[in-house]
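One structure is given here, and the rest of the page talks about it.
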Amino acid sequence: MSEKRRVSLAVNGTAYEETIETRLTLADFLRHQLGLTGTHLGCEHGVCGACTVLVDGYSVRSCLMLAVQAGGSDITTVEGIAPSKDELHPLQEAFRDNHGLQCGFCTPGMLTTLVEFLRDNPSPTERDVREAISGNLCRCTGYQGIVDAALDAAQRLKGQDRTAGPDGGESP
Amino acid sequence: MSRAVFGESVKRIEDPELLRGEARFIDDISIPSMLEAALVRSPHAHAEIRGIDAAAALELPGVHAVLTLDDLRPYLLTEFLVVGLPSPSYKQERNRPVLAGDEVVYVGEPIAMVIAEDRYIAEDAAQLVEVDYDLLPAAADCRDALADGAPTVHKDAKDNLLAEFSMGYGDIDAAFGKAAHIYSEHITQHRGGSHSIECRGAVAVHDPGTDQLTLWVSSQMPHSTLRVLVDMLGRDENQMRVVTPDIGGGFGPKLVVYQEDVAVSVAAIKLGRPVKWIEDRREHFIATTQERDQYWEVEVAVDEDARILGLRGSIVHDHGAYTARGINLPQNSAESLPGPYEVPAFRMNTKLALTNKVPVTPVRGAGHPQAAFTIERLMDRIARELGLDRTEVRRRNLIQAQDMPYTRPLKTRGGVAVVLDSGDYPRSQKDTLERAGWDQFPARQLAAREEGRYIGIGLANFVKGTGRGPFEQVTVRIGTSGRVHVYTGGTAIGQGTKTMLAQIVAEQLGGDMGNVTVTTGDTAATALGIGTSNSRLAVTAGTSAHVAAGKVREKALKIAAHVLDSPVEDLEFDGAEIHVKDRPGRIANVGVKLGELAHAMAGTPGYSLPGGMGPGLEATEHVILDSKAFASGTAVAEVEVDIETGGVVILNYVLAHDCGRIINPMLVDGQAIGGTAHGIGNALYEWMGYDENGQPLTTNLADYLLVTATEMPRIDLLHHCSPSPLNPLGVKGVGECGVVPAPGAIISAVEDALTPFGVHIDRAPISPPEIVALIEQGRERS
Amino acid sequence: MKPPPFSYHDPATVSEAVELLATLDNAKLLAGGQSLMAMLNMRYAQPDHVIDLNRVEGLSYIRATGDGLEIGAMTRQRDVEFSNDVRRLCPLLNEAMPLVGHRQTRNRGTFGGSLAHFDSSAEIPTVCAGLDAVLRVAGPRGEREIAFKDFPAGYLSTSLELDEVLVSVRLPAWGAGHGFGFEEFARRHGDFAIVSAAALLEAGTDGRITRASLTLGGIGSAPVRVAQAEAALMGEPGSVETFAAAAEMARGIDAHEDIHAPAAYRQHLAVVLSRRALEKAWSRVEGN
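From first to last, the protein sequence lines are chains A, B and C. The working numbering applies: residue 3 is where the first sequence begins, and numbers increase by one. The working numbering applies: residue 24 is where the second sequence begins, and numbers increase by one. The working numbering applies: residue 16 is where the third sequence begins, and numbers increase by one.
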């Protein structure tokens, strides 16, 4: 029943070699096996988006993936977004400045989703941003602060070398 | 110089941890040797339990226990959670048992708690627990439940009337007797669940050595949780601590003390291991309280000039199977029906019907949105019947600014007079209409119709009693570290409580937000606490914090004056120190650090305290505020209806609101916009469906529709400021305000868009299929 | 909501996958997992074995063939969404892809997974119906092709045998200059459509319709071609009246009822969306 596999993967730049129960979701693996509790579970059926992480640079719902499937992958969670312990990522700064979070429970999924989105769409419109986060539920903010934060972050990121961003995935 | 922080959009002190993923929510708590629980819940709305067979579950490796009510009883003084707010109107006492005994009365009712090495195994085992049911007929619809011969929700009951009450004032018969016109409406209203993105959860730890029980719980009211545990477990307060971690949203239902909170506590004691239970989303749909159905029958009497003479009617309210809070929700609905309008005579009768569904308790807005929707529907009706503009009918009936404070001859549930304390309602309406371009709308509408587009505009005014008393406890303490520590019984559920209190305190104690820490929702930190609900913390905790900080400031200055040998008038707070003001002819910046003052006041054995003052550098306050501070405002929605699909798009939404003096404009905006999103859901999306047998139909977030970023319009906010005379800060609550007017304004706009079809809408929410059906009916009529 | 216990298999080849399917009882194939994983978490699905196709070689590709496109079953929806070949050769599919779920689900979800799961309100099956897709499947008896019209077998079920794996989908391209239109009504952006309509039109130099395809999704247990409308459109000039009349033929199609909409509303939407999709398609027919 508790069938296990040995799996190697990288999370936020750290390599792990872990024995994983095969039925463990990626979200539970990150949260409970690696202790990276920033990734949140809000529905466990792929609707709320709180558990979004980047797998090889692409946003996915970590409740809809088995941890064993992440073998060989490079994963970024909310804990891996900020450039250092003392600094926030421009997107995180923008969230704070634009009141893009209240209870903060959906925030990790919003951030990971928007890291990918802004990488692929450096000059988005408001409509683009709204569509980008339409798979992430927030019950607190009415989304306005989040949308403003994303648009603000796009401006901030333009002032930076984009290759120095949180991940180096390619634009489609 | 002391920096001004009150009234500024200072950044939230909560944010950095949340943004880094370093916050600690309930499921982030992990304790060595901790076990995890899953619940066996009733799949039936009503059944007798013949037996529970846990043998197969117990055989599963990794399973530690399957606890039923029989297993918990030895640890309990009572098996019932007695939590109902007092009221003389109850006809039946219906308290939830911690786990079901021989009867289950709603789908989702907990029957057994399975405890295992992890949640995966616990769920495996829960599937293996066999419960032998004898099905009983269920009462699902609250109107049918009150009919003669309806199946009873509880097998020992004679009927399903949980409570009935009446309220009113004035000579209602005379008002209707002299009316030029009387209009009646039957209004169906439905609101759904809270759906905080974080569900509920609890972690209990019992230390057998000290016999201390600690319960971490995602709750809006840890102090009431503690009191319930005292009552049920028969343990002393000093043997228990209830503490809230970061909370991923509350929205009402987390103010309830739940069966699982108690069961987890007992399990930790019984098993001698920490036990965690995390509610999953499916459980949230069936086991967390929700709002649901209200059926209103109302009549309004008006004179020739469309002025209201009287308002009367009745409400049937779906209470669910148990009393998990009280009669407060429909009480709010009935009491707040007159809203911001002059209503000379008023009478409402309210019946609470038991149903075989999860209990109903307040969700953000707590009955007020239903009242606002009803009165605003009546306003539109009067306008239509009398051929007046909808704004004009409202203008004629709004309470005038010069009549403030305005006493409504009604009493709140606690017997306090309903007094609208301040506000300028006509101005709110006027400014909102102007901002929304109301007068230019007919031209827009005409142009749109020429393109075959159906746009409409609607408005709703509202008042919302906030800051429900009697108090909230706050301690402000300057520590020997020089840091200012604030402790409150209120809980932080995302609304920025910590920042709000830090601002109020920092304003008086040096202006450095970074030097203030705030602890919320911990029974070890404050002896008393009411908790978070009813848009109450800025008013109640804010006031206590303000008064406490003032006392600490006064004392700190006196001690500093003594230490610096300088008159108090010459001193000022600056960050973490007090120094002599920089004045011509004086030596500036002679100062003393707050930490030094705290050290001095902590006392040294054998030495007198400086200045002959009492020890410590702290103050605890619980300012009594019995009267509610009434926030108010106006919403105007402009919508486009696709008459072929019934789809509604909100094109523009203006919300004017008045929450008195604003502590942090950014936070107020966030609350107003977030509340509006919830209100839009109530108008157009959220529907918690049940079938005729009480089976819930919408138990996932794909079927139960929360508003997403693409449906949400940008909200255009207008701020008015009528300081409340009831508290020294002049503040009012804002958390629920956005919700209240939204359904009224949006449905009014949808109806306006569909004027060519003579559509009349008597319900909220309204769905695209319903809109298409109404259009078709309108076409058939014409 | 945690997945039930199961044995996990991750074959490297199609034949290994087929062999596992043929030998294991109560096995379930896991593609992108955007439906199955939710069903596992909710324990609606309780397989004894999960056979993960994500490490199977050679199932992820988009290939332009002489007469259209071939898409590997494990191609991520994201790759279909951003494919220039898809945009060029199957613009109808390109138009529908952004409506499939959300960014996060398209990043992981697969083209073939949506077909094998076969939710009738999903966009991919509806487009495939409209394009007369041909599905290639592998089983213990070798490979075979299934014409899309033979694929549906009831609600959430297909004519794939229990031991067969969907390996690729051929989408015949329509002629250069054809018109296409995908219309749907969903309660929220990214939701499954309550009803969707996919239209394809070709016209001759005389402006008369020479070829038509009209498909409705979400109305019944499988996407439905409105054959009567397609026949009626042939030889007609593209006009508001023509499309309204053709769309009206969708009204009689059997519709199901669920918590989101009664059958009559679905039938009503079928007419509205058919007309809109046809008009949109016509506006794109080259030379119009």
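We put the CB at the ideal spot given by N, CA and C, even for glycine. The structure presented is a predicted model; accordingly, all values stated were derived computationally and were not measured.
Residue i: contacting residues in chain C (beta-carbon distance under 9 angstroms)
i: residue 712/B; result: 274
i: residue 65/A; result: 16, 52, 53, 56
Neighbouring residues, chain B, relative to residue i (Cβ below 8 angstroms)
i: residue 126/A; result: The premise fails here: residue 126/A is roughly 12 angstroms from chain B at the closest Cβ pair, so nothing lies under 8 angstroms.
i: residue 97/A; result: 38, 42
Cross-chain neighbours of residue i in chain C, by beta carbon under 7 angstroms
i: residue 136/A; result: 117, 204, 205
i: residue 792/B; result: 276, 277, 280
i: residue 668/B; result: 200, 284, 287
i: residue 315/B; result: Going along chain C, no residue has its Cβ under 7 angstroms from residue 315/B, so there is no contact; the nearest lies around 16 angstroms.
i: residue 102/A; result: Per Cβ cutoff of 7 angstroms: no residues; residue 102/A is ~18 angstroms from chain C at best.
i: residue 2/A; result: Here chain A comprises residues numbered 3 to 174, so residue 2/A is not present and cannot be evaluated.
Closer than 7 angstroms at the beta carbon, the chain A residues around residue i
i: residue 737/B; result: 146
i: residue 769/B; result: Those do not exist, as residue 769/B stays about 14 angstroms from chain A at its closest Cβ, beyond 7 angstroms.
i: residue 69/C; result: 71
Burial state of residue i, where buried means 16 or more other Cβ atoms lie within 10 Å
i: residue 802/B; result: exposed
i: residue 210/C; result: buried
i: residue 24/B; result: For residue 24/B, the pLDDT reaches just 42, beneath the cut-off of 50, and the residue's location in the model is therefore unreliable, leaving the point undetermined.
i: residue 294/C; result: buried
i: residue 162/A; result: exposed
i: residue 185/C; result: buried
i: residue 261/B; result: exposed
i: residue 469/B; result: exposed
i: residue 83/A; result: buried
i: residue 189/B; result: exposed
i: residue 626/B; result: exposed
Test item: CB-CB of residue i and residue j under 8 angstroms
i: residue 695/B; j: residue 678/B; result: yes
i: residue 279/C; j: residue 268/C; result: no
i: residue 347/B; j: residue 287/B; result: no
i: residue 320/B; j: residue 209/B; result: yes
i: residue 89/B; j: residue 81/B; result: yes
i: residue 459/B; j: residue 324/B; result: no
i: residue 67/B; j: residue 105/B; result: no
i: residue 153/C; j: residue 163/C; result: no
i: residue 304/B; j: residue 214/B; result: no
i: residue 579/B; j: residue 620/B; result: yes
i: residue 291/C; j: residue 252/C; result: no
i: residue 195/B; j: residue 440/B; result: no
i: residue 552/B; j: residue 488/B; result: no
i: residue 183/B; j: residue 162/B; result: yes
i: residue 452/B; j: residue 758/B; result: no
i: residue 138/B; j: residue 294/B; result: yes
i: residue 250/C; j: residue 217/C; result: no
Per-residue contacts from residue i into chain C (C-beta, under 8 angstroms)
i: residue 115/A; result: 118, 119
Residues that residue i contacts on chain B, provided the C-beta gap is smaller than 7 angstroms
i: residue 108/A; result: 220
i: residue 20/C; result: 147
i: residue 94/A; result: 42
contact_flag[the stretch 228-239 of chain B, the stretch 389-407 of chain B] where n(CB pairs < 8 angstroms) is 3 or more: no
Beta strand (DSSP E) runs contained entirely in the stretch 417-495 of chain B, provided each spans 3 or more residues: 429-434, 440-443, 477-489
Residue ranges of each alpha helix (DSSP H) within the stretch 80-166 of chain A, 4 or longer: 92-99, 109-122, 128-134, 146-160
The stretch 391-406 of chain B contacting the stretch 756-773 of chain B, beta-carbon criterion three pairs below 8 angstroms: yes
3-residue-minimum beta strand (DSSP E) runs that sit fully inside the stretch 146-209 of chain C, ordered along the chain: 149-154, 157-162, 180-187, 194-200
4-residue-minimum alpha helix (DSSP H) runs that sit fully inside the stretch 52-133 of chain C, ordered along the chain: 92-96, 99-104, 106-111, 118-123, 126-132
The stretch 65-81 of chain A in contact with the stretch 124-139 of chain A per 3-pair CB rule at 8 angstroms: no
contact_flag[the stretch 175-185 of chain C, the stretch 126-136 of chain C] where n(CB pairs < 8 angstroms) is 3 or more: yes
Length at least 4, wholly inside the stretch 306-373 of chain B: the alpha helix (DSSP H) runs in chain order: 351-358
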